[in-house]
Amino acid sequence: MLVLALNMAFFSACGLPPPAPVHPAVLAHELKSRELPLAQSSQLYAVADLINREIQIKIRGVILQTFPIRALRTHRPWESPAASLTLRKKRLASPRDRTVIEPPRKNGDSESVVRERVEDSLEADDMPDWFLMQFKEGARLLVLPELSESASPRRRLVRLWRRGLFALNRIFSSGPAVTLVLSESDARALYWTIQPDQKVIVLAP
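If you count the sequence shown from 1, position 127 lands on 110 in our numbering, and the numbers rise without skipping.
See the structure below:
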């Protein structure tokens, strides 16, 4: 009730009518119509359920993994309760480098060879825990890791800086924009799982 009251107050202050709640049957129909073509293929796809606050990774309609959304903030609302999107790219972050030392070769080399691994050879733990998903349809989703109460001032400052980058990024776009907070491990796993050209269905409140 408190959240509903705050939402009503916010939209009233902005001179906008509060968004009408979507009937569950309508939402289920919207999801089914968008998911059916994906479930009939062998593509990996995602369902970002902002209402129940979870992201599901699915294939052929079967849930492979679920990432709970710890918190979210909508900066620009969605025009419809369900949207089918295609990921264009992941921005604002990149996997950290990991050095690999190869042993001397058999041709007589006495020194080890140092090489840097590329992203597709890394593991989920090597992925960044924050990134921006930019979709071909213009929508943007910023993923941030959850901060503990004991987080250092430096980490809190870095988080504020990341939010500032996202605010600047939104200046050059007009599509829906949402910030999602996941656990640190889930944020890394999501970055590792979702790839450009992958389909994402968004259910918005």
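No residue lacks a Cβ here, since even glycine has one placed at the ideal position from N, Cα and C.
Have a look at residue i and residue j and give me their C-alpha separation to the nearest angstrom.
i      : j      : result
His58  : Ala22  : 30 Å
Ser25  : Arg137 : 43 Å
Lys119 : Gln48  : 24 Å
Ala172 : Pro179 : 15 Å
Would you call residue i buried or exposed, if buried means 16 or more other Cβ atoms sit within 10 Å of its Cβ?
i      : result
Ala54  : exposed
Lys15  : exposed
Arg139 : exposed
Val126 : buried
Ile40  : buried
Thr69  : exposed
Assuming residue i is part of the alpha helix (DSSP H), what are its boundary residues?
i      : result
Pro7   : 7 to 22
Arg171 : 167 to 176
How close, in whole Å, do the beta carbons of residue i and residue j come, if the pair is a contact with beta carbons under 8 Å?
i      : j      : result
Leu165 : Pro128 : 7 Å
Helix, strand or coil: how does DSSP classify residue i here?
i      : result
Leu115 : strand
Ile184 : strand
Assuming residue i is part of the beta strand (DSSP E), what are its boundary residues?
i      : result
Ala65  : 65 to 74
Ala31  : 27 to 32
Asp128 : Before going on, a small fix: residue 128 reads as Pro here, not Asp. Taken as a continuous stretch (DSSP letters only), the beta strand (DSSP E) holding Pro128 covers 123 to 128.
Pro179 : Where Pro179 is concerned, there is no enclosing beta strand (DSSP E), given that its DSSP letter is neither H nor E.
Arg43  : Arg43 -> no beta strand (DSSP E), and no H or E assigned at all.
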